[in-house]
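Here the structure comes first, spelled out in structure tokens, and everything after it is commentary.
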Amino acid sequence: MRFQCQVADLMSGLSIVNRALAVRSTMQILEGVLLETCEKGLRLVCTDLALGIETVVSAEISQEGRVVLPGRLFSEIIRKLPGGNMEVTINENHAAVIRCQKSRTTLAGFGAEEFPDLPQVEDGNLISISSGLLRGMIQKTCFAIATDESRPLLTGCLLEIEENEIRLVALDGFRLALRKLNHSQEIQPMQAVIPGKVLGELAKVIPDEENDVSLNIGRTHLSADMGVTRVVTRLLEGEYTRYRRILPSEWQTRVKVKRAELSDAIEHGVMKAGITEIRTHSPKAIGREIQKAFNEGGITTQIKNKALWLFELFGTANEAVEVAPKLYEYYHLVGKGMPKMEAAMRAREGNLDFARAGSVGRELNRATAFFNANVQGVDKAVRTLTESAPCRQWER
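So that you can map any letter, position 31 of the sequence shown is 30 in numbering that gives the first Met the number 0, and since no number is skipped, the others follow by simple counting.
Here it is as structure tokens:
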């Protein structure tokens, strides 16, 4: 097997299919990405058996073949290439030789015989939705998906198709999100429960171009076709909660307000409640709450604000005074590019007790990771911590 392609094209394809890459699977083959030549170029496939993603990238094929390469390692190698045109050659022992300009890397692979084929959805209901509309429907409902695995059906979204309307519904026992979309396609009424994680990944791989996404919904699987990319997932089994009983049919009072003004008012109220709680509760307790929310995926605006306020108030919290200098030193060294392990060892060299610093530090590290992923104000939070008066005093 031998092919040539652009580094950027291959990296773009890998970033799409790697969303379905298995992690620490009992089947080692699932931790790899399948590379297979086809008429359109190079086909990339990843699957963890519950979710499968395939895409095609432009490539010049010199010799046909197929191979499975370690997904994470192969992606890291491609990411570090200088760019431009690259060539990959696979020998009879499934070893890949990757060449790009002056770079040459050899990577051991696996035979593709044991790599599972993606399921084909046959005799399913086929419906097309604009990519922008589908992405919007997912984004406006997925936040209400339950994270409690004891109620598996609520960890998914209900896709309900009626004669002239499509509904996407999510609820977690406390809130319900419903998005409607009118359609004029001929399709039989049906229901399917799609795993919430899959919908989240689908929203990320939907192309920005305004094209139609074809959804093929079968009895056990759903397939989303976006041209060169296809996503296949197993549907959740069981009867979804009868959400229509929850929706009120009449109201005593109905109010129409401007969305932006209402959002500002809610955030202002949440901010006051959060500051009061932090000033009257242990910073460690707030840190544990943030950690729990981060682990369970229950991230709300209130949790974001609490995390930010915890950083802002950290320098004045009585029980954190002992450990704050070490944490500041740790973040200072990491910010300069020092590896985290080495920075932690350097921070331990002080006279203060690092045992407590470790427990608080882990909480703040998780909060920092959360900031990096979800909050644009992370730079402000870190700057508030490092430039506060106590920290400047410690630095001296």
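The beta carbon of each residue, even a glycine, is placed where N, CA and C say it ideally should be. Only a predicted model underlies this, so the values are computations on that prediction, with no experimental measurement involved.
Bridge partner(s) assigned by DSSP for residue i
i	result
L68	V32
T252	According to DSSP, which records beta bridges pairwise, T252 is partnered with nothing at all.
D211	S129
N90	None, per the DSSP bridge assignment.
I97	V87, T104
V168	L157, L177
E53	V44, R229
M189	I160
F109	V67
Alpha-carbon spacing of residue i relative to residue j, whole angstroms
i	j	result
V230	A21	15 angstroms
L261	R253	15 angstroms
K179	T219	24 angstroms
S74	R258	42 angstroms
G336	I144	38 angstroms
N215	M225	11 angstroms
P206	I77	22 angstroms
N17	R244	40 angstroms
I60	E35	10 angstroms
V212	S127	6 angstroms
L221	G135	19 angstroms
F2	P151	43 angstroms
G82	L68	20 angstroms
Y239	L246	15 angstroms
T105	V204	30 angstroms
Three-state secondary structure (DSSP) of residue i
i	result
G155	strand
N317	The pLDDT assigned to N317 is 35, lower than 50, so where the model puts this residue is not dependable; a value taken from the coordinates is nonetheless given after this. Looking at N317 - three-state DSSP - the assignment turns out to be helix.
E38	coil
G336	coil
G127	Going by the sequence as given, residue 127 is Ser instead of Gly. Reduced to three states, the DSSP call for S127 is strand.
T240	coil
D8	helix
S262	helix
R1	strand
C-beta contact flag for residue i and residue j at 9 angstroms
i	j	result
E53	R42	yes
S130	E209	yes
T88	M10	no
M85	C4	yes
A169	G155	yes
D8	V66	no
L80	V6	yes
I193	L235	yes
L201	I137	yes
Contact test: residue i Cβ vs the ligand MN heavy atom, cutoff 8 angstroms
i	result
R174	The ligand MN is not part of this structure, which contains no ligands at all.
Does the structure place the segment 183-195 close enough to the segment 150-168 that three or more beta carbon pairs sit under 8 angstroms?
yes
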